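Colleague: I'd like to ask you about the structure that follows.
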Amino acid sequence: MKWKEQMHQLHAYQPGKSIAEVKTHHTRHSIIKLASNENPYGYSLKVDPVLKEFGGTLNIYPDGKASKLRADTASLLEVDPNQLIFTNGTDELIQIISRSLIQPGKNTVMATPTFSQYKHNAVLEGGEVREIPLIDGIHDLDRMLSAIDENTTVVWVCNPNNPTGTYIAIEKLWTFLKKVPNDVFVVLDEAYFEYVEQPGNTIELLEDFPNVMITRTFSKIYGLASLRVGYGISSVDIIQKLEAARPPFNTNVLGQMAAAAAISDQEFVKECFQKNAAEREKYYAFSLDNGLKVYLSEGNFVLIDFKWDGDEVTNFLLEKGIIVRSGKQLGFPTCVRITIGLTEQNERVREAIKEFIKERSING
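Right, dumping it as structure tokens:
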């Protein structure tokens, strides 16, 4: 096969272990999955009745424009419906942006460590990847600016950042964007936006910066990860350009229906936000009490530094029936990323961590 040269540099995305996969692992404990930042509270009660109304016309293509979902989302966000693009999760949107703007001879700027798919798709398109190390888990915006030149096409800002959960305040973003050249496309990846406690509406930035796109998803707080619906918000001109690279009928009919129902229930979103914030605080207190470093997160996960091998911690928790994500896979080799689950799940995780610390202390 005559593969593109860059294909030899890439590996398939490695998701967190599934419950079914771990069931084959010898453990006497019930299994909880806290590895992929899914919503432990499920999804809005408004979703199921809408899906039950589906007429079963699986032989008919879905609405290629996602008309109802587009109208409902535009209404909530108070934007022009033509400022929106809907995709098969934001992973597909990242792919569309990369395919449209990144090519050999051009470069793209991003933090490291951050969400892996920015680099993955840039490499696939043959572009140069310029990675700027985080400072204590936070984007180094000044160095990112310095890395931009006449061949830069896309800058990626994951906010809150995955895997650290750290957040860039809107005032700092505005200052940063003011210094980015107008012909450089800036993507603000806001997959975890609905969990953010800090004030500010980043959509307002689009009025001053038409070269910016905000990406969001129905996979996280809305609890619809299996249906794969994401979207981007930008200027009408940019959306029109990207629509030409969007595959036809890319969001399925059930995904569109569920997402439209979910976005109508902002009370559910508010409840999930509040519960997540309360449970997140417990992890902060626990880490402080046990001498562990935890990155201050604005997402539904925490990254904890154990100063031990991240795989060792992950495997210990796996033996207890707890699936988390080793920081080794995420650029933080002594850390573990833990999705914030239900109260009883979080208590079980913290008790298991205490056991790990005790065992390692005894064994030196």
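4 is the number of the first residue of the sequence shown in the working numbering; add one for each residue after it. The C-beta atom is built at its ideal place from N, Cα and C for all residues, glycine as well. This structure is a prediction, so every number in the text was calculated from the model and none was measured.
1. If T117 sits next to C161, beta carbons under 8 Å apart, how far is it from one beta carbon to the other, in whole angstroms?
2. Are the CB atoms of S267 and Q86 nearer to each other than 8 Å?
3. Would you kindly report the start and end of the unbroken alpha helix (DSSP H) that includes E322?
4. For H29, which residues in the same chain have their Cβ closer than 7 Å to its Cβ, ignoring the five residues on either side in sequence?
5. Report, in whole angstroms, the separation of the C-beta atoms of R328 and A38, which I expect to be a contact under 8 Å.
6. I need the boundaries of the beta strand (DSSP E) containing L191, first residue and last residue.
7. Where K36 and P184 are concerned, what is the direct C-alpha to C-alpha distance, given to the nearest angstrom?
8. Look up E210 in the DSSP assignment and say whether it is helix, strand or coil.
9. State the Cα-Cα distance for the pair L295 and R146, rounded to the nearest angstrom.
10. Considering only their Cβ atoms, is the gap separating Q106 from G92 smaller than 8 Å?
11. Nearest to A280 by CA position, among L54, K71 and N303, is which residue?
12. Just to confirm, is the Cβ distance from G344 to L306 under 8 Å?
13. Assuming A205 contacts I224 under a Cβ cut-off of 8 Å, what Cβ separation, rounded to an integer in Å, is found between them?
14. If I measure Cβ to Cβ from D240 and keep anything under 8 Å in the same chain, skipping five residues before and after, which residues do I get?
15. Using only alpha-carbon positions, find the residue among S47, M4 and I34 that is nearest to Q269.
16. With burial defined as no fewer than 16 other Cβ atoms inside 10 Å of the residue's Cβ, what is the status of E347: buried or exposed?
17. Quick one: which unbroken alpha helix (DSSP H) runs of 4-plus residues sit fully inside the stretch 38–117? Chain order, please.
18. Residues in its own chain within less than 8 Å of F57 by CB, not counting five upstream and five downstream?
19. Taking a contact to mean a Cβ-Cβ separation below 8 Å, would you say S103 touches L245 in this structure?
20. Sorted by chain position, which residues of the same chain lie with C-beta nearer than 8 Å to A265's C-beta, five sequence neighbours on each side aside?
21. Which residue's Cα is closest to the Cα of R363: E200, W311, A172 and T342?
22. Look at K182 and L148 and say whether their C-beta atoms are less than 8 Å apart.
23. Per the DSSP calculation, M260 is bridged to which residue(s)?
24. For I141, which of K175, L54 and S229 has the nearest alpha-carbon?
25. Enumerate in chain order the residues of its own chain whose CB-to-CB distance from G3 is below 6 Å, with the five nearest sequence positions on each side excluded.
26. What is the DSSP secondary structure of M4, reduced to helix, strand or coil?
27. Please identify the residue among R133, D139, I138 and T178 whose C-alpha is closest to the C-alpha of T156.
28. What does the alpha-carbon distance come out to for the pair L79 and R73?
29. How would you label G313, buried or exposed, when you count the other beta carbons within 10 angstroms and need 16 or more for buried?
30. Does L2 pass the burial test, meaning 16 or more other C-beta atoms within 10 Å, or should it be called exposed?
31. Residue range of the beta strand (DSSP E) that T218 falls in?
32. Cα-Cα, which of G67, V53, P52 and T76 is closest to L235?
33. Can you tell me whether D192 is buried or exposed? The criterion is at least 16 other CB atoms within 10 Å of its CB, across all chains shown.
34. Under DSSP, the beta strand (DSSP E) around V339 begins and ends at which residues?
35. Pick helix, strand or coil for T178, following the three-state DSSP scheme.
36. Roughly how many angstroms separate the alpha carbons of P65 and I88, rounded to a whole number?
Modeller: With the given structure in hand:
1. The Cβ separation is near 5 Å, so the contact holds.
2. It is not a contact, given that the beta carbons lie outside the stated cut-off.
3. Counting along the chain, the alpha helix (DSSP H) containing E322 begins and ends at G313 to E322.
4. Below a pLDDT of 50, predicted positions are generally treated as unreliable, and H29, at 49, falls in that range; no measurement from the model is reported.
5. The beta-carbon distance between R328 and A38, rounded to whole angstroms, is 5 Å. This is short enough to meet the 8 Å contact definition.
6. First-last of the beta strand (DSSP E) with L191: F188 to D192.
7. Cα to Cα, K36 sits roughly 42 Å from P184.
8. The DSSP-derived three-state label of E210 is helix.
9. The alpha-carbon atoms of L295 and R146 are separated by roughly 29 Å.
10. Not a contact, by the Cβ cut-off of 8 Å.
11. The residue with the shortest Cα to Cα distance from A280 is N303.
12. Their beta carbons are not under 8 Å apart, which means G344 does not touch L306 by this criterion.
13. The question names Ala, but residue 205 in the sequence shown is Thr. That pair is no contact at about 16 Å.
14. Correct list, in chain order: P213.
15. For the set S47, M4 and I34, the Cα lying nearest the Cα of Q269 is the one of S47.
16. Looking at its Cβ environment, which holds fewer than 16 other Cβ atoms inside 10 Å, E347 is exposed.
17. Restricting attention to alpha helix (DSSP H) runs no shorter than 4 residues, the stretch 38–117 encloses them at 50–55, 70–80 and 92–104, ordered along the chain.
18. V256, L257 and M260, listed in sequence order.
19. When the beta-carbon positions are compared, S103 and L245 come within less than 8 Å of each other.
20. Same-chain partners within the cutoff: Y46, S47, K49, V50, F221, Y225, G226, L227 and F271.
21. When the alpha-carbon of R363 is set against those of E200, W311, A172 and T342, the nearest one is in W311.
22. It is a contact, given that the beta carbons lie within the stated cut-off.
23. None; M260 has no bridge partner.
24. Closest option to I141, Cα to Cα, is K175.
25. There is no way to answer for residue 3, as the model of the chain reaches only from 4 to 367.
26. Here M4 sits in coil by DSSP.
27. Checking every option, the nearest Cα to that of T156 belongs to R133.
28. Roughly 10 Å between the two C-alpha positions.
29. Of the other Cβ atoms in all chains shown, 16 or more fall within 10 Å of the Cβ of G313; this residue is therefore buried.
30. Because the chain here runs from 4 to 367, residue 2 falls outside it and cannot be looked at.
31. Segment V215 to T220, the beta strand (DSSP E) holding T218.
32. As written in the sequence, residue 235 is Gly, which differs from the Leu given in the question. Considering only alpha carbons, the answer is T76.
33. With at least 16 other beta carbons inside 10 angstroms of its own, D192 counts as buried.
34. Segment C338 to T342, the beta strand (DSSP E) holding V339.
35. Note: T178 maps to helix in three-state DSSP.
36. About 15 Å.
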